Structure formats: C-alpha cells, structure tokens
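Chemist: Taken in sequence, the protein lines are chains A and B.
Its first residue numbered 89, the first sequence is counted upward by one per residue in the working numbering.
Its first residue numbered 89, the second sequence is counted upward by one per residue in the working numbering.
For glycine and all other residues, C-beta sits at the position ideal for the given N, C-alpha and C.
For clarity, every value in this text was computed on a predicted model and none was experimentally measured.
Let me give you the structure first, and then I'll get to my questions.
Number of protein chains: 2
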Amino acid sequence: MLIQVDSSPPPIDDQLVAPSLVRNGVPLYVQVAGLLRRRLEGGDWRLGEYLPAIEALTQEYRVSRVTMRQALAELEVENLVRRSQGKGTLVTRDATQERWLILPTEWNALIAHIDGLGSRAVTLVSDFSMPPPEAGRDGLAAKYWHTRRVNYTGTTPYSLTSVYLDQATHARDADAYSNGPVLPLLARRLKRSMGKAVQRLAVSTADLEVARQLQVAVGTPVVEVIRIVWDRAGRMVYVADVRYHARHLRIETILHPLPAPTDQVTRK
Amino acid sequence: MLIQVDSSPPPIDDQLVAPSLVRNGVPLYVQVAGLLRRRLEGGDWRLGEYLPAIEALTQEYRVSRVTMRQALAELEVENLVRRSQGKGTLVTRDATQERWLILPTEWNALIAHIDGLGSRAVTLVSDFSMPPPEAGRDGLAAKYWHTRRVNYTGTTPYSLTSVYLDQATHARDADAYSNGPVLPLLARRLKRSMGKAVQRLAVSTADLEVARQLQVAVGTPVVEVIRIVWDRAGRMVYVADVRYHARHLRIETILHPLPAPTDQVTRK
DNA sequence: CTCAATTTGTTCGTATGTATG
DNA sequence: ACATACATACGAACAAATTGA
C-alpha cells in the first residue's frame, strides 16, 4: 500500500464545537481529574472560590454527570477541593504555591544548589561498575566507583541518583565520598585541574524501579539528567544519572548576554 | 492535630520480591505497554530480535497472561513488534533511532536552530493581546501583537507557540513578522539594542487544546518553554510560550567552562 | 415560614472494558 | 475460548442541603 505524501500545508481541524476527550485506555474520569488539577495549579480557580456546577462542567468537558463526579471525588481525596451538597465544590488548597525545584545550568550555581539542599540520602547500592553507555566513551577510565542513592527533603523523595566516580579519584577520599554529596567534594578537589562539564536533560517516564523509589505511579513524567565531568587531561572523572519527579522541576537559562566569567573559568 | 516531625533517616522499603504495578486508575495493560515501549526505546531489545516469551514477561511484571497479551497487542498496532504464533514477538522497528529535538540554551544557537528548522506553520490566531502573567510585568509594554501557531516538520506537529511582540516593534515589519518565524527576524532587527533574554522550562501535561493541536493524548507529558527578550532600555519586547511534545525534546548545557563571549555580547 | 431554584448526593439499569484463572 | 468478578461510563430519576426571594 502506498503512503500518500502530503506536501501541501498541514490539515486544520477547526472543530470549534466539541473538543471531546479520547478513549485511549486511560479512564475518562482520570483524564478529567488531571485536567481540573492542572487548572487548579494554574490558578483558574483560587483558594476559597467555588468551581462551576457539575452541570456546567459536564457540558464543558462533554462527559456524563457520574464521570465528572468521579473526577471531583479524586480531587477531594487529594484535599484540593471539598464538595458540599447544595453549595458546590470549594477550593480548599492553594495548588499554585507548590514548591519548585530549580535546576541550575551553571557549574558554580549547581554546586551551591547541592550544598544548600542539606538533603538526607539513603544509599541503595555501593560497588564498582561502569557508567551507562549514554555517557559515551570519551575519556572513559578503566574502573569506576558507583553509588545509587535516594535523596530526601524531609520525608519526601525528590531524586534518584546513580553516581560513577573514577576509581583513582575516589580512592583519595573514599570515606568522604561515601558519606556525603559527591559533586561538591569533587569540585573542591579538582579545582584548577577541572576540564569540561556538561549536563543533558530529557523527559522520560517512571519505570518500576524509579516509581518505587520516588514514590510515584508507573508512567509518571520524570526528568532524566545526565551530568559528566572531565578533568583537564580529558579523563571522564564523574558521571551522574539523576531522575527527578518532573512535576517539581524548573529550569531557567539566561540566553543572552552570556554571564560574566567566574574565577574558576579557564579560557584558551 | 499535630504533625509528627521525623528527623530520623527516611524509611526504606526493601521489598526485593515483588515490585508489582499499582492499581491507580490507569489500566494495567496500558502501564505494562508503556514500560515495554520504554525498554524498546532504550534498546533492551533491538530490531530483529525476539522479546522474551509471554510466560517469562508475565513473571517479570507479575501480571496475568491475558494482560501481557493485551499490552503486546498495543505495541503491535504501533508497528513496534509483530507477534507470530509459535515463533514469538519480533521487534519490527528501531525505536532507539527516534528523532530528538535539541533545544538550544544560548541565544545564537537558538536563532540558528529556528532558522534551520525550515518548518511550516499554521497560524491559528493573530490579534492584539497581552502576554500571560507568567512572563511577569518587568518592562511590560502597553500593547502587543499576538500570534498563535502550530509548527510542523513535514506533516507532524512538533510545537504550539504563542508569540507576543511589542506593538511598536511589530509595526516596523508587520508583513515579515506575520509570514515567518518571529525570533530570527527580531534578532536581526534588534542587533546591538538587544538587552537580556531568558528561557524558562517546565514539564507539564497536555490540556484539551494542546492535545488537539499536537495530536497527542490528553495528559501526555509536554514541555512548556517561556522565552522573554528585553531591549537595552529594559522594555519587554518579545514573549513566547511554546509547548513541545516532551518525548522528542532534549536539552544540553555546558556547565563549565563558560563559553567564550560572542560579538553580540555587551558586558557592563 | 414557605417556595422555588440551584447544587451536590444516591441509586437504577444497561453496556462495555478490564483482569484473573 | 470460557466463566467470573469488578471497574468504567452513560442517562435518568429522585433525594437532600443551601440559598435567596
């Protein structure tokens, strides 16, 4: 069968009438709850206000009354709203004020950020194994110390990290690396012998392991960050593979002008 | 009621036995299909290889045979695998080679990126309205030209953009702004009178509008990028709110050393 | 106080989808 | 392929609480 190649402008489907939800396996009421939750986070309805009546919402989303009620029940168990017979559905939590984790995109800011977290970590694994292939083979050392940790702020997990540290580097401060954040210590040790460092980011979804450790549902959006640090000789000293709950992550970069060079910068 | 403050190390749930899937509203077979799809994209099973037998998979994921078959059927309609009775489940598409959209985090690279896309856009809206409150009020002009477009590579939509351009700036090249990418043209016009530019990124999910325009399911992870450009006088000249399908987006930043300043950089 | 309008709560019946063994 | 149990979704009818005329 031939595929029809369309080189004309893309189709416009301007159904102004019914932007109805699609049956794609995910229950309708879950989808609707997600959409409402999103609007609450966006401040469409503020704390203390009442949502539109179920009748109005059913018309807007083109679902039945029962389905809409199920969606609202979901939000009620999350303490986002409270429903009262005869009155309506009241917003009981300010979801617009949820805390965001700002992920720095510059070396010194990143170190300061990790230092400032004061997080407590639970070490799941500590052994010697090679970094994942995603890190590439550029400057790969022969042996790496590896640790896998869950980091908590209070009692809520916010990241799952796998750190790979060049064995020689690790040996110099084995105890310190085992008992605290690796990157800040590495930064102090490397000083002027530091080479390039990059950070790659992609959006993914939680697999079984990540879902369990971060206490989210399987399939939840997760941000995967890979950080690589080379020393001046080009040896890949450090590789980290970090998973963050995507909901609580923001990134801000200054596109222009380029920030002023810091004292740690070495220019050719 | 008192909140119990826990200053002891966080709990460890080390159920090594059954990392089973959770009933959270999303059908089991959809969750399993998602996990398998993810592993196919990760290259766990390559093109031309056979997946483990259903029996083995059911044990790994702790689901029934029928559920696993349903999950595999999902992947088959996506042409990721082909099931043959008596043979097994064959990988029929190389999902590891899916195209990634690299989002630049530096001004010149971003302009070059947009120029190089050669994308075709469909304009949904073109009017005069104010930027969303997320952009802040710092240097806000009195009036903005606004356009909302869906950008396509070929016939597949990859981004939904809302652009707000200071009315005075727009008036100078009204035609050109209406008929092509806004940012590259703005960059040429501003030249040395350009001030600061920032880019903010957050992970969100598709609402009805975004889902329809990007042709994805409601609730799919979406990356929301807000770009703001000020001129040298501090006037907010340009605001863009862009939604990308998160699946196809990567970001790479050089943490260290800071890149060498370009000719457009003005330092204080 | 009563009444009507509004709003959420409850319960049917029916059809289809999901998950297990 | 079958039997069973439970979840999802719809429309409809009626009950109960709230509000203001």
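Which same chain residues, not among the five before or five after B/A209, have their C-beta less than 6 Å away from its C-beta?
Modeler: Once the five neighbours on either side are set aside, the close Cβ partners of B/A209 are R237 and N239.
Chemist: Can you name, in chain order, every residue of its own chain whose Cβ lies under 7 Å from the Cβ of A/V341, other than the five neighbours on each side?
Modeler: What sits at residue 341 of chain A in the sequence shown is Thr, not Val. Here the set comprises T193.
Chemist: Could you tell me the alpha carbon to alpha carbon distance between B/R260 and A/L128, rounded to whole angstroms?
Modeler: The alpha-carbon atoms of B/R260 and A/L128 are separated by roughly 40 Å.
Chemist: Within the 8 Å Cβ cut-off, does A/E166 reach chain B?
Modeler: No, A/E166 does not count as interfacial toward chain B.
Chemist: Taking 8 Å as the CB-CB limit, is B/D295 close to chain A?
Modeler: So yes, B/D295 belongs to the interface.
Chemist: Kindly list, in the order they appear in chain B, the residues whose Cβ is closer than 7 Å to that of A/P140.
Modeler: Correct list: empty, because the minimum Cβ distance to chain B is about 16 Å.
Chemist: For the stretch 261–292 of chain B, enumerate the residues whose C-beta is nearer than 9 Å to any C-beta of chain A, in chain order.
Modeler: Those residues of the stretch 261–292 of chain B that come within reach of chain A (Cβ to Cβ, closer than 9 Å) are M282, G283, K284, A285, V286, Q287, R288, L289, A290, V291 and S292.
Chemist: Do you know how far the Cα of B/W318 is from the Cα of B/R338?
Modeler: When rounded, the distance between both Cα atoms is 26 Å.
Chemist: If we count the other Cβ atoms within 10 Å of its Cβ and call it buried at 16 or more, is A/A294 buried or exposed?
Modeler: That one is buried.
Chemist: What are the residues that DSSP puts in a beta bridge with A/Q140?
Modeler: The residue asked about is misnamed: residue 140 of chain A is Pro in this sequence, not Gln. Beta-bridge pairing links A/P140 to no other residue.
Chemist: Output, in chain order, the set of chain A residues within a Cβ distance shorter than 7 Å of B/L198.
Modeler: Simply L343.
Chemist: Let me make sure I understand the geometry here. Which of A/V304, A/L123, A/S266 and A/S281 has the alpha-carbon closest to that of A/P245?
Modeler: The shortest C-alpha separation from A/P245 is found at A/V304.
Chemist: I'd like to know whether the C-beta of B/Q147 is nearer than 8 Å to at least one C-beta of chain A.
Modeler: Not closer than 8 Å to any Cβ of chain A, the Cβ of B/Q147 fails to qualify, so no.
Chemist: Using a Cβ-Cβ distance cut-off of 8 Å, determine whether A/G122 contacts chain B.
Modeler: A/G122 counts as touching chain B.
Chemist: Out of curiosity, what's the CA-to-CA distance linking B/G227 and B/R170?
Modeler: Near 57 Å, if we compare the C-alpha coordinates of B/R170 and B/G227.
Chemist: Using a C-beta cutoff of 8 Å, does B/P219 count as contacting chain A?
Modeler: It does not: the Cβ of B/P219 has no partner Cβ on chain A nearer than 8 Å.
Chemist: So is B/P219 buried or exposed if we call it buried at 16+ other beta carbons inside 10 Å?
Modeler: Under this definition B/P219 is a buried residue.
Chemist: What does a CB cutoff of less than 8 Å around A/L168 pick up in its chain, not counting 5 residues either side in sequence?
Modeler: For A/L168, where only same-chain residues beyond five positions count, the Cβ hits under 8 Å are R125, L128, V179, T180, R181 and A183.
Chemist: Ordered along the chain, which non-local residues of its own chain (more than five positions away) have a Cβ less than 6 Å from that of A/K284?
Modeler: Contacts found: W318.
Chemist: Please classify B/M204: does DSSP put it in a helix, a strand, or coil?
Modeler: The residue you asked about is not Met; residue 204 of chain B is Gly in the sequence shown. Correct three-state label for B/G204: helix.
Chemist: Return the chain-ordered list of same chain residues with a C-beta closer than 6 Å to the C-beta of A/S250, the five sequence neighbours on each side being excluded.
Modeler: So the qualifying residues of the chain are R236 and D329.
Chemist: Taking C-beta pairs closer than 7 Å, name the residues in chain B that A/T257 reaches, listed in chain order.
Modeler: Going along chain B, no residue has its Cβ under 7 Å from A/T257, so there is no contact; the nearest lies around 17 Å.
Chemist: Quick check: the Cα distance between B/G265 and B/R323, rounded to an integer number of angstroms?
Modeler: The sequence shown places Tyr at residue 265 of chain B, not Gly. Cα-Cα distance, rounded: 19 Å.
Chemist: State buried or exposed for B/A121, treating a residue as buried only when at least 16 other CB atoms are found within 10 Å of its CB.
Modeler: By the 10 Å Cβ count, B/A121 comes out buried.
Chemist: Using only the alpha-carbon positions, how far apart do A/E186 and A/G268 sit?
Modeler: For A/E186 and A/G268, the distance between alpha carbons rounds to 28 Å.
Chemist: For a quick check, are the C-beta atoms of B/I142 and B/E222 less than 8 Å apart?
Modeler: No. Outside cutoff.
Chemist: If you draw a straight line from the C-alpha of A/V364 to the C-alpha of A/I190, how long is it?
Modeler: Beyond the ends of chain A as shown, which are 89 and 356, falls residue 364 of chain A; an answer cannot be given.
Chemist: Of all the CB atoms in chain A, is at least one closer than 8 Å to the CB of B/W133?
Modeler: Chain A, which has no Cβ nearer than 8 Å to the Cβ of B/W133, makes this no.
Chemist: Using three-state DSSP, classify A/P245 as helix, strand or coil.
Modeler: Three-state result, A/P245: strand.
Chemist: Since B/L160 is in the alpha helix (DSSP H), which residue starts that stretch and which ends it?
Modeler: It spans R153 to V165 - the alpha helix (DSSP H) in which B/L160 sits, taken as one unbroken run.
Chemist: Using C-beta distances below 6 Å, list every residue in its chain close to A/V327, excluding the 5 sequence neighbours before and after it, in chain order.
Modeler: Answer for A/V327: P219, A223, Y252 and I316, listed in chain order.
Chemist: To the nearest angstrom, how far is it from the Cα of A/G204 to the Cα of A/H333?
Modeler: For A/G204 and A/H333, the distance between alpha carbons rounds to 19 Å.
Chemist: Please report the distance separating the alpha-carbon of A/V211 from that of A/L278.
Modeler: Reading off the sequence, residue 211 of chain A comes out as Thr, not Val. About 24 Å.
Chemist: Are any of the Cβ atoms in chain A nearer than 8 Å to that of B/T177?
Modeler: No, its Cβ sits nowhere closer than 8 Å to a Cβ of chain A.
Chemist: Could you tell me whether the Cβ of B/A106 comes closer than 8 Å to any Cβ of chain A?
Modeler: Residue placement at B/A106 is poorly supported in this model, since its pLDDT is 37, which falls under 50; the coordinates are not used for a value here.
Chemist: Work out the CA separation of A/V118 and A/S152 for me, nearest whole Å.
Modeler: Taking the straight line from one Cα to the other gives about 13 Å.
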